[in-house]
Amino acid sequence: MKTKVLKLSRQWVIVAALLLTTSVIAQAQDRLAITGATIIPVVGDRIENGTILISDGRIEAVGKDISVPVEAKVIDASGHFVMPGMINVHSAAGMSQANERNPNVPFLSVVDSIDPIAGFFDESRRNGVTTAAVVPGNSTMIGGRSAIVKTAGTYVEDMIVKRDAGLKLSLAPTSGSSRMSHIAKLRQELQKAKDRITADQEKEKAADEKKVDDKEKKTEDEKEDSADAKSNEAKSAAAAEDALRRLLEGEMPAIIYCQTSMDVPQAFALVDEFQFQPILVLGRDCYKAAKLVAERKIPVVLDSNMVYWRTDPVTRKDEKIVLPKIFREAGASFVFEAADNGTTLGTHYFWYQAATAVRYGMPEADALKALTIDSAKLLGIDNAVGSIEKGKDADLVILTGEPLSGSTWVKTTIVAGKVVYEKSEDKELQLLFNPEQDAN
Amino acid sequence: MSLSRCIKLAGLLLAALALPSFADSTSADDQVHAFVVGKLWPGSTAPITNAVMLVADGQIRQVGSLTDVKIPDSAVRHELPNAVVVPGFVIAETSIGIASDDERTLTPEVRAIDGFDLFADYSQYVAAGITTVQISPGRQRLMPGQGAVVKLAGNDHSRRVLEKEESLRLILSSESANAPRIYEPPVGAVSVDNPLDPTRPQIAESLAARIAGLRAIFAAAKAGEVDEEGIVDFESVRQSLKRGRFRIKANSDAEVRAALSLFTELQMAVDRKLRLTLTDPTELDSFLEQMSQLKTVGIVLNAGLRPGLVSNPTIPKKNEPASQQPWQIAKSLIEAELSDAVAIRPASDADLDEMLFLAGLFTRDGVAHADVLKMLTSNPASILGVADKVGSLNVGLDADFVVLTGDPFETGTLIQSTWINGESVYQREPAEKSTLIEAATVYTSGGKHITDGRLLIGNKKIQAVGTSVSVPEDARVKRFPNAVIVPGFLDLGTGLGFGGTVSRVTLATKLGDRLASDDPTIQFARQGGITTAVFASTTSPSPMLAFKLGDTPRLLKEPVAIRFSMSTNLTSGVPSLKRTLTTAKAYSASWTKYESDLAAYKIKLKTYQAALAKYTAMKKVADAKKAAEDKKVAEAKAKADAAKKASVKKTGDADKKDASSAEKKADEKTDSSSSKDKAAEESKKSELKVPVKPSEPKKPKSSSTYEPYRALFAGKIPAVVKAGNVKAIKAAVKLFREEFQLPMILIGADDAYRVADLLAKNKVAVSLGPSLVRSVDNKQINQPQVMANHQIPLAFQSNATTGVQQLPLAVQYSVYRGLGTTDALIGLTESPSKLLSLDQTIGSLEAGKDADLVVLSGPPFEPSSQVLAVMIDGAWVYERGATP
Amino acid sequence: MKTTSWAMIFIAIISSYAASTTFAEDQVLIRAASVHLGNGKTLSPGHVLVQDGKIIQVADKINVDNVQVFEVQHLIPGLIDAAARTGIDQLDRERTKEITPELSTAAIVDWNDREFTEYLTSGTTTVHLTPGTDNVIAGLASIAKTAGAAETRMVSEKTGLAISMCSDPASGNRSRSRPDSIYIRQPTNRMGVVWMLRATFHASQTEKNDSAVLKDVLAGKLPVFAVSRTQYDIQSLFTLADEFSFSPVVIGGQESWQVTSELAERKVPVILQPTTPGSSRGTERTRVAVGMAAKLNNAAVPFCLSGGNLLNQARFAVRYGLPHDAAIKAITSGPASILKIDDKVGTIEAGKDADFVALNGDPLEFTTAIHWVMVNGEIQFEQAGN
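Residue numbers (the working numbering), protein chains in the order written: chain B, 1 to 440; chain E, 441 to 1324; chain C, 1325 to 1710.
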């Protein structure tokens, strides 16, 4: 028990140390150059023995013959590969508790519970993930607002890429209610919000039509508003309204979790009815709806359990379900999800997921795109991240070999031009290899 | 371990890994499909015979009789000459896919469509002809929510959902009385913004209370109240009032009355026509008038009884209207000119796949079949408000229809296929179909033939032959007008079977399980009409094996004969052959003896075991006796000792001596007595003596080389002897027939015609070929003819591979040269199968034999005749210009 | 008799009809860009000639006409899972006795179990069926093929005695609810497990227990497959092995990396069971080292991987430092020799069963897919789309 405590505290120390060093490095360098590497920009062809020039956190130049300014700190990556930092599009990790027991909490935001020094972020950096969308869990009807963060930083605020990146809706019935009444409830909530909006618009219209605007009325209105704002209750109510309003006005997409195939058409029905931007997160049994997804031409997030066996309840026939295969054959585009906690297969690694897809026929280039630029597009942040292009954030991963090869390791991870992970300095990894050291 | 099997296996697995494939989509584009059918029931109007239905893009473009509908050349024709087509069945109320009822009694916001899984597999209903159903939320709450109308199959989901909000359901029957009296909302996380909902009472008592409750709710909804406590969502109630479609479940007289009054009130309140669907009434007579006035009422009758099950109906009480049978209600409704308002639903969703039967019940009391069919198709469609899409086969409607083998509601009518939006969503696959073949002439056996013969083929065998054969309902019929059918031919010597020559085959060789599948040589060879081939190698002695020339050759017998050849050098050849035969005979003799001995031994053994049992039993008794005697002896001894002790006491030290002597005497006495006992025992033993175990006969050494000879010497298989010239033939006959009395078939006997008498005398069969007609010093010898004339059993062989195809041709030439047609035919069929004792299964067309036959365009061996088709083991392996 | 006569024909054919199509049917030639023999060597290119479900020739080039030919990229021996539960899981939970040496997994195999297909499709052709860890002495393990006709699939009915030298049999034996339970199962802790093992073996020594199986074990005729994960369980196993002089094999061995030297000198093989990659905790809260396989390999401990998805495991083993060839060994010849069936399977050599896995790339890359799997000369699985 005692030793355990010790161990824990020691790990803290390490993490702290790591962060310190990184931040120190960060101070030191302003311009950074990565030379001699095989660059995989994901968009466009590979660049053999190329150079990436980085200045204040952005990519300044990419190419073969780029003169490295004297003041720049140079990372010689010859013999190595450089690819854009990978993007985790849907994860409930990195925060304290994913699911709220209250089924209707649009006013919550994950930002309030993200823990910058959670192991999740270490693990992300270790495996070359530089951006992560932290999303409320799958078992809350309206689960709250997600956020997109970089995986490195001391405080939440300097990690955030996009606050209120989406509103999580779950079509999986919450315990105790049937699918029908769950959907009915959800629809009611959305309908209310819609009605509110139309009502307000009419109000405004009326206000505009009023030629003579009498001050008292206005002030009264203001008073009312402020009065409302007083009560705590009203606040969260307002927040909730606000969240749904922004959803319906298209400012914020809905991240919809579909548990089974029948939820997919349901989701599309809601989209058509309430006109909002959807991001579909599919449970593994949604594969029957692949054609439907393809018709809609929107990319979806595949379940982390991409390959599994099922026995058909009617024919008693055993069949191997391979999600990437099915969706590709249906012509649907998708990105990967990694398991939040480890499995013996390794589905908690993004590179493993991509490799699996390639094993079942996906071209490697596409798989790499899915890990990076496609995910960025899905989250609507492809202007900033997802590829190695001039002007984009310098979120880079230096690999010891081909990205999807089993013996390839992440050597260095760079977020916004700052080195945030060095394998050689990864004490935890060394400890994994030689636990003996743990004793002393 | 044939590879083809591997591949098949792989294929299977492949299939197993493939996606769950959806129903094959026949038409999604503008391709026109023409369904030409024997009879078509449009649903609402009278049936059309010899009808055509043109379908494109899943919709009906044209319907009419063959005469007035022009089928475009581009159209894909579906010929269903003796089929009856009816509209896909529509069921006006089910609860498919609805798991459980909500706690609350009033959930108007709930929609059944939200609980319906479009991806689930409803093939069992589709297979029963049901294409469209209404789905209701909840079964036992007062206001369970909104129903929906969906199709049960099809890939295009947008086409499958016909009505999202079909009607608001109200349940006045007793079911809704059992809802929980108090509703306890689930206790979630309680917070300022999410307070704990209070528990509240629910309307679930008497019918009166429920009606009152509903009145209140509708009033409130109409008055535009908003639901504060979240008891009932007035908004949804308002919406459904707007839509104006209601569905009320009411059984008893009282409930129906309540339902109708509530409905009329609503109509008055909103002051416009609403639609009502009244479900499961058991008594209607007193309301017929009211309903015909309302006009906008649809009635869904519950079929009540469950097919194949027996229930205990309640005896109606006195002075209470007896509940009627659904078909009685239907009848009275029809008489009240409400025939278009009646639909049928099963008592339970479990019976949905028996709708055809249940509907049949409604034809009682003389209700017209057409009317009953409407209750399954157009009526429910209009009740559900989807008559513009489904329910009848009229132009512009969806092509949802069912193909029946006969008229609906007739016993034995089967559903052949079901179509939704012009896509085949169900096809009944025939159970091991039997085939009926009709031909002008059928040669059965012994050259006899019947005219206008029919052959019924079922599971690979001939089931029946004759001029009138009763045919199973779903038999495939194949007609060969003015064609001739003969039994499949047998070639007694070929190189077929192994995709090439096989060398060094000894009698030990087992070739049977190595026959080559999918061998193109075989596929070519059998086109001549040869259905059974005998494989012969060149070595001597070697086994011959007979097999069918199917796609995967089927071994009939191995060995089917042993092949010897008289070598050209007879002086050395004959003795060596003789040696072999002698040893072989000895070998088989030893085995025959062993087998008979073994049988004898088995019997002996039985008797021995019986004896042994008897013996042991007796011995037990004996032992018991012995034990008793021993006891006696012991007692005697004890007495003696006692006596001795006494004597010792009496006599003093002086005469210890005699005492001791006495003691001795006593001892002796005991000894002697015991010895006597022993003797006695011996004598007893001698009486029951141990039976001797019979000795098991010694098993002779088994030899794979000589094993086949046993069959030969047992006369089960013949010896096939190759002998060319007269000398050789004579030697062969002498050796095989006279010395060893073996059944013998002579082959390769060019000089057979010279010694025909000898052969006839010794009952030697001759297999001729390939060359049948020889010219000896410019004189044409037609060997088969000669043999036939001497009544010598005849067979033919080609000694070829692909050439096997031409054997019948060769025989034809011999016939042309004078061989009798019958002899030729028998020589190709019966006689060889007899010689090889395969005549139990092949060689003639008789019930019970294998279905091997050849269809000829004319009489056999006519120059003009040619092979139209060949069947082996009930499967057509070759067909040319066959008219179906 | 039959086979001999077949062989005889075959010879006859070769001698007289070298080029004839005779019996082409049952000869199969596999031409691979590279053949990983399983013994650490690799032929590239390599040809393998198969007949009657056996390998009859392996060379870098074989010329035979008129035979079925398969062209593949990489060919490896059919994988061998040394600790599998396919077709017996849940069927072998005997909770009324703790000591059941006579129970045999061979008797209860459900040949149609889906798991067999799952294993086959992931390249495993031979499985060692070890009974569950509910019992202290669980019973006899057996070996079977993952595909083929049921009657032909059992390879060995009796490979050794499986015991549970761990806390599994002790778990859940304290009757929590009802102390008056009619039957309270023993043991209730680890000491109890050791004690029961000792007692049983002793009883067998002193003729108090007449189980033939136990006798064979103590006579060294049957090995003991012990499920042991923690290093102290492995230590206790050594102690018992010394006391009763049986030959142990460790199954699980999550902490075996801590006792490599001892394992090496005792030559005790380890059948590793899967752990979560990149995690430091294993079953029974064991402390696992990433790259245990590499450690065992360096210490020259005879070991193999097991527990399904062998290729995947081997791939991670390589990622964590195990040499390529060693990794292939660890899922082919390694288990074969540990299970003493290396005369039948495990490598691609003339005379061995024709069990292969054909892949479209380097077997140990995560991106490599299985093309087909052959068992006893028959392709039993072929990947769709290939």
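Cβ atoms here follow ideal geometry from the backbone N, Cα and C, with glycine treated the same way.
Everything numeric in this text was worked out from a predicted model, so none of it was measured.
Interface residues of chain E around residue i at Cβ under 9 Å?
i        : result
B:PRO324 : Those do not exist, as B:PRO324 stays about 13 Å from chain E at its closest Cβ, beyond 9 Å.
If you follow the alpha helix (DSSP H) that residue i is part of, which residue opens it and which one closes it?
i         : result
C:GLY1516 : 1514-1529
E:GLU705  : 693-710
C:THR1450 : Unbroken run through C:THR1450 is the beta strand (DSSP E), 1448-1453; no alpha helix (DSSP H).
E:ALA819  : Note on identity: in this sequence residue 819 of chain E is Asn, with Ala being the wrong assignment. Segment 818-823, the alpha helix (DSSP H) holding E:ASN819.
E:GLY685  : For clarity, residue 685 of chain E is Arg in the given sequence; the question names Gly instead. Not the alpha helix (DSSP H): E:ARG685 falls in the beta strand (DSSP E), residues 685-689.
Going along chain B in order, which residues have a C-beta closer than 8 Å to the C-beta of residue i?
i         : result
C:THR1470 : In chain order: nothing, as chain B lies at least about 13 Å away.
E:ARG551  : MET180, ILE183, ALA184
With a Cβ-Cβ cutoff of 8 Å, do residue i and residue j count as a contact?
i         : j         : result
E:GLY937  : E:ALA1315 : no
C:ALA1471 : C:VAL1681 : no
E:ILE962  : E:ASP931  : no
B:THR400  : B:THR130  : no
E:THR858  : E:GLY1283 : no
E:VAL566  : E:ALA588  : no
B:ALA289  : B:PRO106  : no
C:THR1366 : C:VAL1359 : yes
E:TYR1149 : E:SER1028 : yes
Residue i touches chain C at which residues, Cβ-Cβ below 8 Å?
i        : result
B:PRO313 : Residues of chain C passing the Cβ test: none, with the nearest at roughly 14 Å.
B:LEU345 : ASN1633, ASN1636
Taking Cβ-Cβ distances shorter than 7 Å, what residues in chain E pair up with residue i?
i        : result
B:ILE183 : ASP554
B:GLN277 : Per Cβ cutoff of 7 Å: no residues; B:GLN277 is ~22 Å from chain E at best.
Following the continuous beta strand (DSSP E) through residue i, name the residue where it begins and the one where it ends.
i         : result
C:PRO1687 : Per DSSP, C:PRO1687 belongs to no beta strand (DSSP E) and is neither H nor E.
C:ASN1622 : Careful: C:ASN1622 lies outside any beta strand (DSSP E), inside the alpha helix (DSSP H) at 1616-1622.
At a CB-CB cut-off below 9 Å, which residues of chain B make contact with residue i?
i         : result
E:THR547  : MET180, SER181, ALA184
C:LEU1688 : GLY406, SER407
State the beta-bridge partners of residue i as determined by DSSP.
i         : result
E:ASN742  : E:ARG785
C:HIS1371 : C:ARG1355, C:ALA1383
C:MET1478 : C:ALA1468
E:ASP1313 : In DSSP, E:ASP1313 forms no bridge with anything.
Against chain A, does residue i count as a neighbour if the rule is that its beta carbon must be under 8 Å from one of theirs?
i        : result
B:VAL129 : Absent from the structure: chain A. Protein chains present are B, E and C.
Against residue i, what residues of chain B qualify as contacts under a CB-to-CB distance less than 7 Å, listed in chain order?
i        : result
E:PHE674 : Neighbours of E:PHE674 on chain B: none; closest Cβ ~12 Å, over 7 Å.
Quick one: list the residues of chain C neighbouring residue i, beta-carbon separation under 9 Å, in chain order.
i        : result
B:PRO363 : Near B:PRO363 there are no residues of chain C at all, since even the closest Cβ is about 11 Å away, more than 9 Å.
Item checked: Inter-stretch contact at 8 Å, needing at least 3 Cβ pairs: the region 375-388 of chain B / the region 67-81 of chain B -> The answer is no - the region 67-81 of chain B does not touch the region 375-388 of chain B, with fewer than three Cβ pairs under 8 Å.
Note to self: For the pair the region 1629-1636 of chain C and the region 1580-1589 of chain C, tell me if three or more CB-CB distances fall below 8 Å.
What the structure shows: At 8 Å Cβ cutoff, the stretches do not touch.
Notebook entry, point to check: Is there contact here, the region 512-523 of chain E with the region 144-160 of chain B, by at least three beta-carbon pairs under 8 Å?
Noted result: The region 512-523 of chain E vs the region 144-160 of chain B: no contact.
Margin query: Quick test of the definition: if touching needs 3 or more C-beta pairs under 8 Å, does the region 293-309 of chain B touch the region 384-392 of chain B?
Written below: No, the region 293-309 of chain B is not in contact with the region 384-392 of chain B.
Checklist line | Cβ contact check for the region 554-571 of chain E and the region 585-605 of chain E: 3 or more pairs under 8 Å | finding: Verdict: yes, contact present.
Notebook entry, point to check: Three or more beta-carbon pairs under 8 Å between the region 82-102 of chain B and the region 311-327 of chain B, yes or no?
Noted result: Verdict: no, contact absent.
Next item on the list: Could you tell me whether the region 1200-1211 of chain E touches the region 1300-1320 of chain E, using the rule of 3 or more Cβ pairs below 8 Å?
Entry: Result no; under three Cβ-Cβ pairs closer than 8 Å.
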